[in-house]
Amino acid sequence: MFTAEDKFYIEVTGDALDVMKYINHVADPAAGAISTFSGVTRNNFQGKSVIKLEYEAYTPMALKKLEELAHDLARKWNICKVSIAHRVGTVHVGEPSVIIAVSSAHRGESLEVELPFHLPAQNQRIISVPAKNPSLKTRFLPILPTTMPGCPLGNRRAQSKRTHMEKGVL
Numbered sequence: 018m019f020t021a022e023d024k025f026y027i028e029v030t031g032d033a034l035d036v037m038k039y040i041n042h043v044a045d046p047a048a049g050a051i052s053t054f055s056g057v058t059r060n061n062f063q064g065k066s067v068i069k070l071e072y073e074a075y076t077p078m079a080l081k082k083l084e085e086l087a088h089d090l091a092r093k094w095n096i097c098k099v100s101i102a103h104r105v106g107t108v109h110v111g112e113p114s115v116i117i118a119v120s121s122a123h124r125g126e127s128l129e130v131e132l133p134f135h136l137p138a139q140n141q142r143i144i145s146v147p148a149k150n151p152s153l154k155t156r157f158l159p160i161l162p163t164t165m166p167g168c169p170l171g172n173r174r175a176q177s178k179r180t181h182m183e184k185g186v187l
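The numbering of the sequence shown is my numbering, which starts it at 18 and goes up by one.
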């Protein structure tokens, strides 16, 4: 969804995220730089293996919060366009769950916004994406098969089919 005279493109989708799509949305004749951030599902969390993530969101509210973030970025930094996408549904290890693309006249301006490890102030911006986005994330962790007294399935399920879920609000 484009907003504010096509300066912002915000999307919450169940489809796989393709960084080129969001780069194309922020391309602008006045822009000499495009920077991106991709939040990718990793295979571990606090020392535990992760199989996949599940995201749920109330889409109208998530779109509103992501649009607020885009406006905030535009107010704080001199940028041409902003594109923010957040995925819902199953996100496997190695797949992006969030993409932010920003275009600006000069590379320094877009790098300040997008690369949180360069400047401390930017770390707050990127971390605030999940903090301001009302989504629910579930991690699926593998569990070794065990015999459970009273459980009719007992030890019959394969390890790959047994998972443990941890839920948390982003």
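For glycine and all other residues, C-beta sits at the position ideal for the given N, C-alpha and C.
Between the C-alpha atoms of N41 and S66, what's the straight-line distance to the nearest angstrom? Distance between the alpha carbons of N41 and S66 is about 35 Å.
Helix, strand or coil for I116, going by three-state DSSP, please let me know. Correct three-state label for I116: strand.
Given F25 as reference, the closest of V110, A87, S121, I117 once Cα atoms are compared: Comparing alpha-carbon positions, the option among V110, A87, S121, I117 lying closest to F25 turns out to be A87.
Along the chain, where does the alpha helix (DSSP H) that runs through Y72 open and close? Segment 69-74 is the beta strand (DSSP E) holding Y72; no alpha helix (DSSP H) there.
Please report how far the alpha carbon of A111 lies from the alpha carbon of R59, in whole angstroms. The residue asked about is misnamed: residue 111 is Gly in this sequence, not Ala. Rounded to the nearest angstrom, the gap between the Cα atoms of G111 and R59 is 6 Å.
Here's the rule I'm using: 16 or more other beta-carbon atoms within 10 Å means buried, otherwise exposed. How should E85 be labelled? So E85 counts as exposed.
Note down the Cα distance separating V146 from A79, rounded to an integer number of angstroms. Low local confidence applies: a pLDDT of 43 at V146 is under 50, so the model's placement there is unreliable, and no value is given.
Is it right to say V99 is buried, meaning 16 or more other beta carbons lie within 10 angstroms of its own, or is it exposed? In the assembly as shown, V99 is a buried residue. Its beta-carbon has 16 or more other beta-carbons within 10 Å.
Identify whether I51 lies in helix, strand or coil by the three-state DSSP scheme. In the three-state reduction of the DSSP assignment, I51 falls in the strand class, which pools E and B.
Could you compute how far the alpha carbon of M39 sits from the alpha carbon of N61? It should be pointed out that residue 39 corresponds to Tyr in this sequence rather than to Met. Spanning the two alpha carbons is a distance of roughly 27 Å.
Under 8 Å, do I101 and S120 count as touching if we go by C-beta distance? Cβ atoms of I101 and S120: not closer than 8 Å.
Mind checking whether A50 and S127 have CB atoms under 8 Å apart? The Cβ atoms of A50 and S127 lie closer than 8 Å to each other.
Under a Cβ-count criterion, where at least 16 other Cβ atoms within 10 Å of its own Cβ denotes burial, should A74 be classed as buried or exposed? Buried: at least 16 other Cβ atoms inside 10 Å.
By the DSSP assignment, the alpha helix (DSSP H) with I27 in it spans what residues? Not the alpha helix (DSSP H): I27 falls in the beta strand (DSSP E), residues 25-30.
Taking the beta carbon of A118 as the centre, do at least 16 other beta carbons fall within 10 Å, making it buried, or is it exposed? The residue in question, A118, is buried, as its Cβ has 16 or more Cβ neighbours within 10 Å.
Suppose you measure from the CA of L90 to the CA of Q63; what does that come to, to the nearest Å? Going from the Cα of L90 to the Cα of Q63 covers about 30 Å.
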